[in-house]
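Protein chains in written order, with the numbering used here: chain A, 26 to 316; chain B, -10 to 338; chain C, 278 to 533. Comments concern the structure below.
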Amino acid sequence: MAYLFQQALNALQLGSIYALIALGYTMVYGILTMINFAHGDLFMVGAFFCFLLAVYLKLSFVPTLLLSMLGVACLGVIIERLAYKPLRAAPRVSAIITALGVGLFLENFTLALSPYPKHIPPLLTNTTWAIGSLSISSLQVLVIALSLILMLILDFVVQRTKAGMAMRAISWDKTIVPLMGVPVNKIISLTFAIGTGLGGAAGVMYGLAYPVIDPYMGIMVGWKAFICAVVGGIGNVRGAMIGGFILGAVEILVAAFFPSTYRDFVAFTLLLVLLILRPYGILGKPQPQKV
Amino acid sequence: MSMTKIKAAGTALLNQWRFLAGLKYFWPVFLAAGLAFCIAADVYDFVDLYLQLIIIYVGINIILTASLNLINGYMGEFSVGHAGFMAIGAYIASILTVYVFPQNTAGILFPAAILAGGMGAALVGFLVAIPSFKTRGDYLAIVTLAFGMIVKSILENIDAVGGPRGLLGMEKLTTLPWVFFWTALCVWVIRNLVYSNFGRGVLSIREDEIASDLMGVNTRQVKIIAFVVSSFFAGIAGGLFAHALQFINPRMFDILKSTDILIMVYLGGIGSIAGSILGAVIYTVLLEILRPLGVWRMVFMPLMLVLLMIYRPRGIMGMREIRLFTPLRDLVTEKLWRQKKKEASDASP
Amino acid sequence: MPLLKISGLTHRFAGLCAVSDFNLLLQQNELVGIIGPNGAGKTTVFNLMTGVYRASEGSINFQGKELVGLDPHSITRLGIARTFQNIRLFKELSVLDNVRIAHYGQMAYSPAEALLHIGRFRAEERRITSQALDLLAVFHLDESANETAKNLPYGLQRRLEMARALAAEPKLLLLDEPAAGMNPNEIFQLMDFIGWIRRTFSVTILLIEHQMRLVMGICERLVVLDFGATIAEGLPAEIQANPKVLEAYLGEEVAS
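Right, here's the structure in full:
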């Protein structure tokens, strides 16, 4: 029983990190119908920002987190302006390729600057509470709680604020909404800022939970978060959260019963099966074809 | 119309015909000379080994690029799992030459091993084509992505093929003549397909799948053909790659490899055979030239890709073709047609 | 035996009845028009007939074969081809290729022969190409055979769409608003043209149109749809005098 609970906590921790990254994919997709394949690498950049701030500026946890988020958000907005905006009218594949290119650029640029994996110093003293046979680490609780708080804030922003309304409106209709006086460019920048900022936060938390970071860490985690977004129904913010927790749970379960090398295999097979059964994700809606 | 103008048009037409006649002999001569050169280089060893290796990689990359272009360029789908097919070909061919074939016959049976690798990949390509009947665009991209990842994780979990450590012990069987042969075959077959009604079906799926179905194109059949041909050649390339490097492991065929091939496709130009060749050559050679830059060349290449996408989103040759790759018959039809049209317009007044 | 017999055809989208209990009988070589206000379900009938949508209920019998449940390409191969309300050419391909693609159903060579350019391939390609060129010549499109389809002027694009549909060698040709975007002069030409197509290719034609002048001028029989249901059927003159039709088009008050 205690073992199960322990695994559930692990699943929640991993799932919340996936969910935070998946949100970035889904928000950008919702508004631009474009898959930002560089997003996983922005997550990696977030972890590296965390490393820089913690090691060279010796900042404590809260400023590190906030500054990393801010840095990644700025980077996201810059990337959007320089690389994606010129392609808004181009075929969608060009935008996807560009995103892949930007991702490769971020990976290799980081690799050029930091050829060896880095170790993030412990920013927080990790205490472990023992309840019966169960041991809960404060770090785990922090990661889960913080992710949940960020997601709740995001959900509030998207559902309740004017900017959120504009985001949803743009993803609903791209031709009429600009005519209604919605500043499309600003909203798109804001979406990128929020989405990538969350990715940056995920990077920091991932760095705290699994302290060894390297420039290619964003690839696998990024693709998996992307799976979460798809599983939940891409373009759907709540779907991305659900997808994140599902994948986290599945991976921990697989790792508990099989050799850990089967983890990726199961994750991707799950994706395939789900896509065949429900091609539009859990919360997504099928779009009828028009003739 | 003045007399001189007619005369000028006549000579122009005649020149075109001469040009066509020249074309007729270009390919046989080029292929024979190329093969002869490759065999000579292999036997007499007058080409620097390093240069040979680069030419071998260029050839392999041309096969990969042309075959992926069939799906991504001509059919307009977005496949991100090409390295998966390559892995299947590489493993099948390597297992055959290392473990299955009797001692000392690997050299003679090498083409059979390569072919088997291609067939294995084609079989899997057939399976991947099935989800493409219903899913399109982003979702099909995800299916192919997942496929690539699954291939890699399966290989990592099979200890018989070395698991994550990979396979070694292959002889260096990939020689210049073989690479030349397979590259020429790949380019020829893909050109043949593109200039047939099945190929036009592939193009029509890119343009408008529903209209294509309504015009009588069996879109499922066309998709299967495209995926099978594409994955077959990816498997061939994998087999050649394994026997050029003499060592493979699952990580060589991950998403980064697929991205490499994608870059070559979109650099050279979608929907173009000349573009595939150009993309593969430029990318491979540029990477070699920039080798002194070390890691920074890998920073430079994606930057180039991004700029290319912004300023030339369809790549260098995007949807255009060099005349050399258009079958003579099509050119003759075109010329005949122009002539007929001219006769008609001359006769009408 | 009728060429086409549609009985009890019904189609629902998410609870909404787009077509309900639609019946139609077409004889060989007839020219019939479907008219009705916007959103009456006319194009949906075409989509059901060509297999784009699968009917919820009812049957479509074409020369003794049931069409409901067949793929679009199988239906085209049986002899039904269509054009589209908003032109759907293969825009980036040449005019000639647009027509050659429609020969897909009659291709006699196998994929293997196509990959290696052997066997029946050469003769068959020559046949397809010369047939396509002849067809283009008949449609006065021959001069643009090597032009990219999207570069053709609007009128020629419409004509190319018809040529492409006829290349599939249909027995029944479905025209979805062929006169859309044309001026009265062009409509007169189109009327002649449609009649000429019917004679030359000996096809049966079913067309959807808003232009009353065209419909009344060339159709032998009319079917009026409103809210997915047939409200009237008969000769053009009868339809013109039918109060129900006036009501559907102009609203109740004016009609009464």
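Where a beta carbon is used, it is the ideal one built from N, C-alpha and C, also for glycine. Predicted model, so just to flag it, every value in this text is computed and none were measured.
(message) With the cut-off set at 9 Å, would you say residue 317 of chain C and residue 504 of chain C are in Cβ contact?
(response) Taking the first residue of the third sequence as 1, we reach residue 317 of chain C at position 40. Taking the first residue of the third sequence as 1, we reach residue 504 of chain C at position 227. It is a contact, given that the beta carbons lie within the stated cut-off.
(request) Kindly indicate which three-state DSSP category residue 37 of chain B falls into: helix, strand or coil? (result) Along the second sequence, one-based indexing puts residue 37 of chain B at 48. Reduced to three states, the DSSP call for residue 37 of chain B is coil.
(message) Any contact between the stretch 71 to 80 of chain B and the stretch 125 to 144 of chain B? By contact I mean 3 or more CB pairs, one from each, below 8 Å.
(response) yes
(request) Spell out the partners DSSP gives residue 236 of chain B in its beta bridges. (result) Numbered from 1 along the second sequence, position 247 holds the residue referred to as residue 236 of chain B. Answer is B:157, bridged to residue 236 of chain B.
(message) On the DSSP letters alone, give me the boundaries of the alpha helix (DSSP H) that residue 126 of chain B sits inside.
(response) In the second sequence, residue 126 of chain B corresponds to position 137, counting from 1. Residue 126 of chain B -> alpha helix (DSSP H) spans 126 to 146.
(request) Mind listing the chain B neighbours of residue 317 of chain C? Cutoff is C-beta to C-beta under 8 Å, in chain order. (result) On the third sequence, position 40 is the one that residue 317 of chain C refers to. Chain B residues near residue 317 of chain C: none, gap ~22 Å exceeds 8 Å.
(request) Assuming residue 341 of chain B contacts residue 221 of chain B (C-beta within less than 8 Å), just tell me the rounded distance between them. (result) Beyond the ends of chain B as shown, which are -10 and 338, falls residue 341 of chain B; an answer cannot be given.
(request) Starting from the C-beta of residue 250 of chain A, find all residues in its chain whose C-beta is less than 6 Å away, skip the five residues before and the five after it, and write them out in chain order. (result) The residue given as residue 250 of chain A occupies position 225 in the first sequence. Excluding residues within five positions, the ones whose Cβ falls inside 6 Å are 43, 46 and 47.
(message) Considering just the uninterrupted stretch of the alpha helix (DSSP H) at residue 194 of chain A, what are its terminal residues?
(response) In the first sequence, counting from the first residue as 1, residue 194 of chain A sits at position 169. First-last of the alpha helix (DSSP H) with residue 194 of chain A: 187 to 197.
(message) Can you look up residue 449 of chain C in the DSSP assignment and give me helix, strand or coil?
(response) On the third sequence, residue 449 of chain C is found 172 positions in, with the first residue counted as 1. Correct three-state label for residue 449 of chain C: strand.
(request) Kindly indicate which three-state DSSP category residue 526 of chain C falls into: helix, strand or coil? (result) Working through the third sequence from its first residue, we reach residue 526 of chain C at position 249. Of the three classes helix, strand and coil, the one that applies to residue 526 of chain C here is helix, per DSSP.
(request) Kindly indicate which residue of B:84, B:203 and B:39 has the alpha-carbon position closest to the one of residue 277 of chain B. (result) Position 288 of the second sequence, counted from the first residue, corresponds to residue 277 of chain B. Among B:84, B:203 and B:39, the Cα nearest to that of residue 277 of chain B is on B:39.
(message) Can you tell me whether residue 532 of chain C is helix, strand or coil according to DSSP?
(response) Taking the first residue of the third sequence as position 1, residue 532 of chain C is located at position 255. Because residue 532 of chain C carries a pLDDT of 43, less than 50, the predicted location of this residue cannot be relied on, and no value is offered for it.
(message) Can you list, in chain order, the residues of its chain with a C-beta nearer than 7 Å to that of residue 497 of chain C? Leave out the 5 residues immediately preceding and following it.
(response) The residue you call residue 497 of chain C lines up with position 220 of the third sequence. So the qualifying residues of the chain are 307, 308 and 309.
(request) Can you pull the chain C residues whose beta carbon is under 9 Å from the beta carbon of residue 207 of chain B, in chain order? (result) As a position in the second sequence, residue 207 of chain B is number 218, starting the count at 1. Here the neighbours are 348, 350, 351, 354, 381 and 382.
(message) Please identify, using Cβ separations under 7 Å, the residues of the stretch 277 to 302 of chain A that lie next to chain B, in order along the chain.
(response) Only those residues of the stretch 277 to 302 of chain A whose C-beta falls short of 7 Å from the nearest C-beta of chain B are listed: 286, 287, 289, 290, 293, 294, 296, 297, 300 and 301.
(message) Counting C-beta neighbours from all protein chains within 10 Å, is the total for residue 417 of chain C 16 or more, i.e. buried, or is it exposed?
(response) Taking the first residue of the third sequence as 1, we reach residue 417 of chain C at position 140. Exposed is the call here.
(request) Please work out which residues of its chain come closer than 8 Å, Cβ to Cβ, to residue 166 of chain B, disregarding the five sequence neighbours upstream and downstream, and give them in chain order. (result) Stepping through the second sequence from its first residue, residue 166 of chain B is reached at position 177. Correct list, in chain order: 24, 27, 28 and 31.
(message) Taking only three categories from DSSP, how would you classify residue 483 of chain C?
(response) The residue you call residue 483 of chain C lines up with position 206 of the third sequence. Residue 483 of chain C: strand per DSSP, three-state reduction.
(message) What would DSSP say about residue 163 of chain B, mapped onto helix, strand or coil?
(response) For the purposes of this step, residue 163 of chain B is taken as residue 174 along the second sequence, with counting starting at 1. In the three-state scheme derived from DSSP, where H, G and I count as helix and E and B as strand, residue 163 of chain B is classed as coil.
(message) DSSP three-state label for residue 67 of chain B, please.
(response) In the second sequence, counting from the first residue as 1, residue 67 of chain B sits at position 78. Correct three-state label for residue 67 of chain B: coil.
(request) Give the secondary structure of residue -10 of chain B by DSSP, where H, G and I count as helix, E and B as strand, and everything else as coil. (result) Counting from 1 along the second sequence, the entry for residue -10 of chain B is found at position 1. Confidence in residue -10 of chain B is poor, its pLDDT being 43 and thus under 50, which makes the residue's placement unreliable; the coordinate value appears in the next sentence. Residue -10 of chain B: coil per DSSP, three-state reduction.
(request) State the Cα-Cα distance for the pair residue 28 of chain A and residue 58 of chain B, rounded to the nearest angstrom. (result) Along the first sequence, one-based indexing puts residue 28 of chain A at 3. Along the second sequence, one-based indexing puts residue 58 of chain B at 69. Their backbone Cα atoms lie some 50 Å apart in a straight line.
(request) Please list the residues of the stretch 122 to 137 of chain A that have a C-beta atom closer than 7 Å to any C-beta atom in chain B, keeping them in chain order. (result) 122, 123, 125, 126, 127, 129, 130, 133, 134, 136 and 137
(request) Under 8 Å Cβ to Cβ from residue -10 of chain B, same chain only, skipping five residues before and after it: list those, please. (result) As a first step, residue -10 of chain B must be located in the second sequence, where it is residue number 1. Residue placement at residue -10 of chain B is flagged as unreliable, the pLDDT there being 43, under the threshold of 50; the coordinate-derived value follows with that caveat. Answer for residue -10 of chain B: no residue qualifies.
(message) Can you list, in chain order, the residues of its chain with a C-beta nearer than 7 Å to that of residue 390 of chain C? Leave out the 5 residues immediately preceding and following it.
(response) Position 113 of the third sequence, counted from the first residue, corresponds to residue 390 of chain C. Closer than 7 Å at the Cβ level, and outside the excluded window around residue 390 of chain C, lie 396, 397 and 398.
(request) Between the Cα of residue 429 of chain C and those of C:324, C:373, C:517 and C:289, spot the shortest distance and give me the residue it belongs to. (result) Locating residue 429 of chain C in the third sequence gives position 152, counting from the first residue. Per the Cα distances, C:373.
(request) Report yes if the C-beta distance between residue 102 of chain B and residue 218 of chain B is below 9 Å; otherwise report no. (result) Counted from its first residue, the second sequence places residue 102 of chain B at position 113. Counted from its first residue, the second sequence places residue 218 of chain B at position 229. Cβ atoms of residue 102 of chain B and residue 218 of chain B: not closer than 9 Å.
(request) Evaluate residue 65 of chain B with the Cβ neighbour count: other Cβ atoms within 10 Å of its Cβ, from every protein chain shown; 16 or more gives buried, anything less gives exposed. (result) Residue 65 of chain B sits at position 76 when you count from the first residue of the second sequence. Answer is buried; the Cβ neighbour count reaches 16.
(message) Quick check on this structure: which residue in A:100, A:79 and A:86 has the alpha carbon closest to the alpha carbon of residue 224 of chain A?
(response) Position 199 of the first sequence, counted from the start, is the residue given in the question as residue 224 of chain A. Considering only alpha carbons, the answer is A:100.
(request) With 7 Å as the C-beta to C-beta threshold (strictly closer), list the residues of the stretch 97 to 114 of chain A near chain B in chain order. (result) Going along the stretch 97 to 114 of chain A in chain order, one finds 108, 111 and 112 with a Cβ nearer than 7 Å to chain B.
(request) Quick one: measure Cβ to Cβ for residue 105 of chain A and residue 196 of chain A, integer angstroms, because I've assumed they're closer than 8 Å. (result) On the first sequence, position 80 is the one that residue 105 of chain A refers to. On the first sequence, position 171 is the one that residue 196 of chain A refers to. The Cβ separation is near 15 Å, so there is no contact.
(request) Taking residue 161 of chain B as the reference, give the member of B:123, B:144, B:214 and B:87 with the closest Cα. (result) Residue 161 of chain B sits at position 172 when you count from the first residue of the second sequence. Cα-wise, what sits closest to residue 161 of chain B is B:87.
(request) Thinking residue 120 of chain B and residue 134 of chain B are a contact (beta carbons under 8 Å), I'd like their distance in whole angstroms, please. (result) Sequence index remark: in the second sequence, residue 120 of chain B carries index 131 (1-based). Sequence index remark: in the second sequence, residue 134 of chain B carries index 145 (1-based). Not quite, the Cβ-Cβ distance comes to about 12 Å (not below 8 Å), so this is no contact.
(message) Please return the same chain residues whose Cβ sits closer than 7 Å to the Cβ of residue 299 of chain A, not counting the five positions on each side in sequence.
(response) Here residue 299 of chain A refers to the residue found at position 274 when the first sequence is read from its first residue. Closer than 7 Å at the Cβ level, and outside the excluded window around residue 299 of chain A, lie 256.
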